[in-house]
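Below: the structure, in structure tokens.
Chains as they are written, first to last, in the UniProt record's numbering: chain A, 1 to 483; chain B, 1 to 483.
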């Protein structure tokens with residue numbers, strides 16, 4: 001028994017079953033934590049998150065040197081994300097999303113939820129396994145060709161893995177015999193993993209075979225109402241990208257195999273982009289080249305401007321579908337005269353994992369990731385001095401700072417990490433911090449030894465650097481927006 | 001333009017692009033809402049959620065009478081969930097999770113995150129498409145037989161849809177050449193959709209072919225440490241079920257095709273349960289019958305007690321794996337002497353969608369769903385009087401109440417719905433409320449006409465009923481725990 005206790009003590013956090021294993025071991029004692037009632041501690045204790053314990057495999061080593069990793073580095077975001085331990089390739093176009101990416105993605109999902117629910121969207125979750133029958137009804141079973149992952153179940157029945165869910169959602173709505181015009185518009189959306197057997201998966205999360213997508217479907221009483229819904233979704237998309245600080249262009253687009261009458265893409269201008277856009281210099285016209293007659297250089301809208309070509313990464317796509325699917329599956333509602341009427345539909349996609357990678361692609365430097373502030377996995381990294389250095393006596397201030405943030409800044413709960421790798425120089429850890437792109441890096445350096453300690457703060461998004469007192473820090477970080 | 005405005009007005013919320021389409025139309029005006037800055041309103045406005053607008057398809061009609069719905073009703077939770085518009089069958093063992101279910105599941109996911117992160121778990125997300133190569137390494141490609149959904153990509157490469165991820169996570173950890181003993185235990189988990197081609201999918205979400213599972217994997221320095229990790233996960237599971245108010249038995253179990261040395265199941269006792277348990281009347285021994293010699297009735301632990309058989313629904317399963325997978329994939333860490341050492345592993349599953357259905361199965365009445373309080377999709381339903389009834393003059397109090405809750409009880413944000421179907425009698429709406437199982441139902445009845453209005457509160461989980469003033473209500477509901 002004694003040997004077990006001794007062992008437990010060596011392992012530090014072992015005797016603290018309710019507190020995080022990422023917790024600072026140096027400051028913990030069993031007695032301290034035993035007073036926390038077990039049922040509450042996971043919600044109320046704010047453990048110190050230690051960089052040494054965060055799972056970012058490869059510990060920032062240069063992935064390019066590892067011959068065992070499949071796939072070549074085809075773009076900046078892929079390289080940066082693999083180097084920082086954010087993603088790891090499994091098979092072509094399929095990636096492990098590592099813990100920091102999951103944190104970032106969960107933030108993006110909350111933002112999307114806010115915007116979709118803000119325009120009345122209701123969130124559901126549809127099966128990935130879609131029966132062939134359903135897809136044959138819309139003729140997409142054949143139309144989609146090799147892009148569709150197909151499989152048979154043990155009884156020989158055919159299924160595909162849904163890359164999109166027009167068939168599924170329309171048949172769901174069709175099953176409700178009592179849908180009234182009063183319940184429209186009905187906006188249903190999901191944020192789930194989608195599958196597409198890309199001929200050439202590449203660019204990391206930008207073009208994968210498995211990815212997360214937000215897909216929304218709208219049902220309206222008539223064409224006019226459907227256009228209004230369409231417009232409100234486009235506005236929500238624009239707000240989303242604006243909150244992320246991303247410059248996004250809404251361009252006229254082709255309807256492709258989804259079909260329908262009207263379509264727009266939301267594009268982030270970027271050299272790596274696979275889409276070619278034509279943007280008018282004189283008016284608001286912008287379009288995917290696919291929708292403009294080849295070689296045309298004059299603007300079809302204002303007739304005077306010249307079309308300039310640029311490249312973009314498609315991060316969103318909207319379609320006004322009309323009755324294409326509702327007609328096939330007989331998705332009707334009772335109108336004011338109590339007569340069954342075919343609903344007008346729209347569908348609206350956002351590439352969730354693609355937005356993450358695209359944001360990193362357009363915002364980052366060659367050496368380090370820069371995040372949209374709201375999506376950074378952690379907002380603050382505190383860097384204490386190197387062990388044995390002359391500033392070492394100020395080391396305690398680091399944990400004090402982290403503790404103060406935890407106590408006074410509830411919006412930063414879980415957002416502050418302590419880079420406890422004090423065997424490394426500050427310079428080396430700052431290089432890591434720059435690669436990972438924490439929006440705020442707080443360094444305990446020389447100035448921390450002054451009578452009123454001051455701390456160096458690096459705002460990595462703007463490149464600003466300043467020296468602040470503890471109060472100044474709390475004031476600055478208290479204004480950080482989180483989601 | 002005028003006709004558009006007129007149209008917009010008729011549609012009510014149309015002129016409020018940032019506010020929810022589920023919003024009360026009677027109390028909204030464009031001017032009121034236009035003052036909300038667009039970028040903030042989705043987070044700060046608390047719109048009134050209207051029952052008439054919630055997507056619960058079939059509007060509570062009796063699904064059993066609808067011949068178009070596939071699958072028979074094989075248990076209470078399935079019947080109740082379909083009747084209440086919580087789930088909808090698509091193909092055998094595959095369900096649409098409708099909005100109320102998604103809300104409930106998101107709460108369960110937050111609870112699981114708290115408990116897993118409380119013991120140091122780090123959340124990642126692994127691909128669903130798993131290469132055959134990986135599964136052949138562990139020999140499970142053949143062992144799993146028909147339970148594995150298999151498919152080929154466009155190049156003819158073989159994949160399966162992951163029902164569990166021992167191979168994937170172990171190979172991930174093996175790729176990290178620099179893993180140090182200081183970083184162990186390493187606990188990685190995900191909450192994702194899993195696939196299993198069940199021979200007989202049934203019981204709604206209890207045995208499906210697509211389902212959500214939390215799967216955690218642990219890596220430890222040695223056997224003793226691995227047992228401690230195993231124990232800490234079991235404790236976290238016990239805390240989780242205790243917070244849900246579910247009686248859960250931890251039983252000794254068979255290791256099945258996962259393999260390993262030690263295994264426990266977490267079982268909810270229920271008649272519908274597919275597992276047979278033997279529980280000792282004298283000591284703490286309990287086991288799945290599979291692990292006890294057939295016909296044995298004396299307890300193998302205390303030797304004196306008698307084993308009594310009961311049935312259970314398996315909601316969690318833990319395995320101590322030893323080096324079974326780490327050996328195959330060479331998942332090593334550097335020990336204190338800097339020598340590569342094979343990690344000791346464990347794996348730990350929780351059936352997320354199954355917990356939801358199992359909780360409904362064991363807690364509900366035949367007529368209505370009863371939720372673990374923390375998981376109810378909405379905590380409170382306010383029922384105003386029938387239009388034209390003699391209590392109608394108190395109707396305004398309903399919206400006033402909802403508004404007050406929104407202002408004074410931040411933990412109930414998004415948790416209060418108003419049953420605006422005032423063309424229906426209170427009795428009929430109470431019947432619906434009982435079926436859906438809101439923990440608290442507030443009725444604006446006769447007593448609301450008294451000088452100091454009082455409201456009838458029905459606590460559906462306990463069956464209690466009481467009359468409270470507005471202050472009393474705020475006091476009661478302020479103590480509701482949410483996640």
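Where is the CB? At the ideal position from N, CA and C, for every residue including glycine. Here the structure is a predicted model, which means the values were calculated and not measured.
Residues of its chain near residue i, where Cβ-Cβ distance is below 8 Å and the 5 sequence neighbours each way are ignored
i	result
residue 184 of chain A	219, 220, 221, 225, 333, 343
residue 181 of chain B	221, 333, 334, 335, 336, 341
residue 131 of chain B	157, 158, 159
residue 446 of chain B	391
Proximity to residue i [Cα-Cα], best of the options
i	options	result
residue 409 of chain B	B:479, B:450, B:445, B:431	B:479
residue 163 of chain B	B:186, B:197, B:188	B:197
residue 200 of chain A	A:74, A:365, A:51	A:74
residue 311 of chain B	B:435, B:83, B:288, B:368	B:288
residue 455 of chain A	A:254, A:384, A:413	A:384
residue 377 of chain A	A:76, A:405, A:79, A:84	A:84
residue 148 of chain A	A:155, A:154, A:139	A:139
residue 186 of chain A	A:202, A:240, A:391, A:119	A:119
residue 348 of chain A	A:440, A:421, A:253	A:253
residue 80 of chain A	A:178, A:292, A:360	A:360
residue 484 of chain A	A:137, A:374, A:424	Nothing about residue 484 of chain A can be read from this structure; chain A reaches only from 1 to 483.
residue 54 of chain B	B:90, B:101, B:76, B:275	B:101
residue 273 of chain B	B:432, B:381, B:365, B:358	B:358
residue 117 of chain B	B:240, B:429, B:49	B:240
residue 230 of chain B	B:322, B:304, B:195, B:203	B:322
Endpoints, the beta strand (DSSP E) within which residue i is located
i	result
residue 442 of chain A	440-443
residue 319 of chain A	307-322
residue 342 of chain B	340-342
residue 194 of chain A	186-195
residue 158 of chain B	158-161
Residue i: contacting residues in chain B (beta-carbon distance under 9 Å)
i	result
residue 244 of chain A	None at all; the shortest Cβ gap to chain B is about 12 Å.
residue 102 of chain A	122, 123, 124, 125, 190
Contact set between residue i and chain A, taken where Cβ atoms lie within less than 8 Å
i	result
residue 96 of chain B	124, 125, 126, 127, 168, 172
residue 197 of chain B	153, 154
Residue i: contacting residues in chain A (beta-carbon distance under 9 Å)
i	result
residue 303 of chain B	Residues of chain A passing the Cβ test: none, with the nearest at roughly 25 Å.
residue 315 of chain B	In chain order: nothing, as chain A lies at least about 19 Å away.
Boundaries of the alpha helix (DSSP H) in which residue i is found, first to last residue
i	result
residue 117 of chain A	99-118
residue 150 of chain A	Premise fails: residue 150 of chain A lies in the beta strand (DSSP E), 150-152, not in any alpha helix (DSSP H).
residue 471 of chain A	470-477
residue 206 of chain A	Neither: residue 206 of chain A is in no alpha helix (DSSP H) and is coded neither H nor E.
Interface partners of residue i on chain B, CB under 7 Å
i	result
residue 146 of chain A	154
residue 55 of chain A	122, 186, 188
residue 344 of chain A	Within chain B, no residue comes near residue 344 of chain A; the closest Cβ sits about 14 Å away, beyond 7 Å.
Contact set for residue i: own chain, Cβ-Cβ below 6 Å, skip 5 residues either direction
i	result
residue 329 of chain B	170, 171, 174
residue 481 of chain B	none
residue 353 of chain B	205, 211, 212
residue 266 of chain A	237, 248, 250, 315, 316
residue 371 of chain A	437
residue 301 of chain B	283, 285
residue 150 of chain A	160
residue 331 of chain A	170, 173, 174, 343
residue 269 of chain A	310, 312
Beta-carbon contacts of residue i that lie in its chain and below 7 Å, excluding the five residues immediately before and after
i	result
residue 397 of chain A	444, 448, 453
residue 466 of chain A	457
residue 90 of chain A	96
residue 461 of chain B	370, 373, 439
residue 468 of chain B	454, 455, 457, 476
Where residue i meets chain B, residues with beta-carbon distance less than 8 Å
i	result
residue 88 of chain A	172, 175
Under 7 Å by beta carbon: chain A residues contacting residue i
i	result
residue 250 of chain B	Going along chain A, no residue has its Cβ under 7 Å from residue 250 of chain B, so there is no contact; the nearest lies around 16 Å.
residue 150 of chain B	151
residue 99 of chain B	122, 123, 124
Enumerated in chain order, which unbroken segments of the beta strand (DSSP E) with a length of 3 residues or greater are wholly contained in the stretch 214-278 of chain B? 249-252, 262-269
Residue ranges of each alpha helix (DSSP H) within the stretch 380-425 of chain A, 4 or longer: 395-408
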